[in-house]
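Mapping of the sequence shown onto my numbering: residues 1381 to 1916, in sequence order. We treat Cβ as the ideally placed atom computed from N, Cα and C, and that holds for glycine.
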Amino acid sequence: MTHVTEQPLVQGGRSAALAAACVRGGVAAGLGLGALAVLVIAAWVSSPFPDGGPGDVLHAAAGLWLLAHGVELIRTDTLSGLPAPLGVVPLLLTALPVWLVHRAARDTLDPGAGVRDRPRPSPSGAVASVAGGYLLVTAAVVLYSESGPLPAELVTAGLWPPAVVAGAAGAGVWTALGRPFPGPRWAVLARAAGLGLGTLLTGGAVAAAASTAWHAGRAQTVFLGLAGEWSGRAVVLLLVLALLPNAAVWGAAYGLGPGFALGTGALATPLGLAGDPAVPPFPLLAAVPAEGRGTWLHWAVAAVPLVAAVLLGHRVGRSARTWTARDTALTVLGAAGACGAAVAVLAAAAGGPLGSGRLAAFGPVGWQTGAAAVLWGACAGLPAALGVRAWGRRSPRSKRVPAPAPAPDLTKTKVKVEAASGEQEPARKGWWRPALKWWGRLRRTGAVTGVPAPGGAPQEDPYDDDLYGGSYGNAYGGPYGDPFGDTGYEPYDFLPAAWEPSPKPRPKPDPEPDPKQDQDPEPAPGPAPDSKGPGA
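See the structure below:
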């Protein structure tokens, strides 16, 4: 009966939780769209010569928001009159919607400390609800962009936004559940892949920054030539900041080997720049290498994927000390594959068309860059992992412990003492025997056993040498005699130690009869008789 009454309430609570999750997804989409709209409106307002009206500004904000999700836009207001595609995604702008979706999905399963008792949807329900609410807003924005100067390309609009939103929502739910893994090897695989990916992007960013600093004069000239007023320069600077992650991906692709395209028929690799590049004026593009064969500075960029692969293998090998070689190799290959897949997606998003004609291919090619990352991870990461594993499984050498010093032989010392004193006694065990003998010898300078205590008769020494059968080797009552002639000494002041046998008192012998008591008492002496008789 209880189950029947509680079931409708539980179902209704879950329905409300799913509806709330859908609303969270829609709110996340609105926040991202509103933030970009504010930036675009602020740039339009601050411009001294604004182009277009408020409607065009909103359409530009909608197109920029769709571009951040990977949707390819079509420019219709070109000089030639032909539509030109725009597919290079500013990766820094992509971080905003991804973070908003991730947070919405995470809060759906973990709403906070104050509302723990509210019903929550299942993990799959949370992902579907949050992604559904977000994609409803996305569909409305795609329809709105069709009436503006930057309409969305419908194929990419139906492909990339669902993948991005579902991935971000799944990551949020996984975070709310405590980031669980199917097993420890999967956790090691994910961490190793993340370490390799982070190393690649960091090295690519360093390479791009070094190249930009090397060509700083040309980059400054291009930056100042794009806009003359401060508002235009501020917009260009914001666009440069939004494309900084793209530059890191381009640098990583350059170090991996495939490089990146600078237009159809032009390819930049560490071996050199081949073809005729079509580079539009932009500060970041001023850092591309010059035409001709590459030098040792260009070849040095290959250290980036090498270091990334070695770190990936080291991370796996450090955790594979108890694994088999087969499991270690499979884990390294899996981490290299995951890292390569992530690099391929980032390279595909960081590149794309910038127009028609020669600008139709611009940036790294996704599948080539991903395949190169997998190859580097397998060739350099696998030996590193096996080497670290073998090093961790080695048996440590046992340290040589010095032999303990032999204990002194007290028996030999005792024999020497006996030989010097001329005494012979049976061998005894125990370190206290020589000390007892020494103590007995000291008694020779003290009182003799049997000295009467004050006010009493002579007492028999219970520690007399005869009582122990001569076991202490002296004639002065054993080791506990009084060496200083103290007549108040009592023998029970010193008790036998725990290892010594308790002395058994010897029965007192019968007192010998006094010979003087057996003789007749002599008569008392009287006056001496006179030598002369009485009649003298």
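Checking the sheet assignment: what are the DSSP bridge partners for F1640? A1648
DSSP three-state assignment for P1685, whether helix, strand or coil: helix
Classify A1654 as helix, strand or coil using the three-state DSSP reduction. strand
Considering only their Cβ atoms, is the gap separating P1465 from R1744 smaller than 7 Å? Per the sequence shown, the amino acid found at residue 1744 is Pro instead of Arg. No. Outside cutoff.
Compare the Cα-Cα distances from D1656 to each of G1547, A1689, R1598 and F1742 and report the closest residue. F1742
Contact set for S1427: own chain, Cβ-Cβ below 6 Å, skip 5 residues either direction: S1611
Cβ neighbour criterion (16 or more within 10 Å) applied to E1452: buried
Ordered list of alpha helix (DSSP H) runs contained in the region 1670 to 1739, each at least 4 residues: 1676 to 1679, 1683 to 1699 and 1705 to 1730
Measuring CA to CA, which of F1640, R1394, V1659 and P1660 is closest to L1651? F1640
How far does the beta strand (DSSP E) with P1531 in it extend, from its first residue to its last? Premise fails: P1531 is in no beta strand (DSSP E) and is neither H nor E.
With H, G and I counted as helix, E and B as strand and the rest as coil, what does DSSP make of G1410? helix
Just curious, the alpha helix (DSSP H) that P1430 is in, first and last residue? No alpha helix (DSSP H) holds P1430; DSSP gives it neither H nor E.
Give the secondary structure of R1773 by DSSP, where H, G and I count as helix, E and B as strand, and everything else as coil. coil
Throw me the rounded Cβ distance for the V1420 and A1441 pair, which I believe falls under 8 Å. 4 Å
Just to confirm, is the Cβ distance from G1513 to H1439 under 7 Å? no
As assigned by DSSP and simplified to three states, the class of F1742: strand
Extent of the continuous alpha helix (DSSP H) run through A1520: P1503 to S1525
If contact is defined by three or more beta carbon pairs under 8 Å, each pair taking one atom from either stretch, is the region 1679 to 1693 in contact with the region 1541 to 1552? no
Other residues of its chain near V1616: CB distance less than 7 Å, five sequence neighbours each side excluded: F1603, L1606 and A1607
Among the residues of its own chain, which have a CB less than 7 Å from the CB of A1572, if the five just before and after it don't count? L1692, R1695, V1696 and A1715
Any beta carbon of chain C sitting closer than 7 Å to that of L1618? Protein chains in the displayed structure number just one, and chain C is not present.
Less than 7 Å separating the beta-carbons of P1625 and L1471? yes
Going along the chain, which residues of its own chain have a beta-carbon closer than 7 Å to the beta-carbon of E1609, five neighbours each way excluded? P1428
Tell me which same chain residues have a C-beta within less than 6 Å of the C-beta of G1552, skipping the five on either side of it? H1482, A1485 and R1486
Within a Cβ cutoff of 6 Å, which residues of the same chain sit near Y1524, ignoring the five residues on either side of it in sequence? A1442
Got a sec? Which residues, its chain only, sit under 7 Å from G1505 by beta carbon, not counting five neighbours each side? L1398
For P1465, the first and last residue of its enclosing alpha helix (DSSP H): First-last for P1465: A1464 to L1466, but that is the beta strand (DSSP E), not the alpha helix (DSSP H).
Would A1700 and R1769 qualify as a contact pair, given that the criterion is a beta-carbon distance under 7 Å? yes
Short of 8 Å in beta carbon distance, which residues of its chain neighbour A1396, apart from the five on each side in sequence? Order them along the chain. P1499
Sub-7 Å separation of V1517 and A1409 beta-carbons: yes
Taking 7 Å as the cut-off, decide whether the C-beta atoms of A1632 and G1578 are in contact. no
Inter-residue Cα distance where the pair is A1921 and L1473: Since the first residue of the chain shown is 1381 and the last is 1916, residue 1921 is not available in this structure.
Since G1635 and A1682 are thought to touch, with beta carbons under 8 Å apart, how far apart are those beta carbons, to the nearest angstrom? 6 Å
Go ahead and pull the three-state DSSP assignment for R1559. coil
Secondary structure at R1455, three-state DSSP: helix, strand or coil? strand
Where R1500 falls: helix, strand or coil (DSSP): coil
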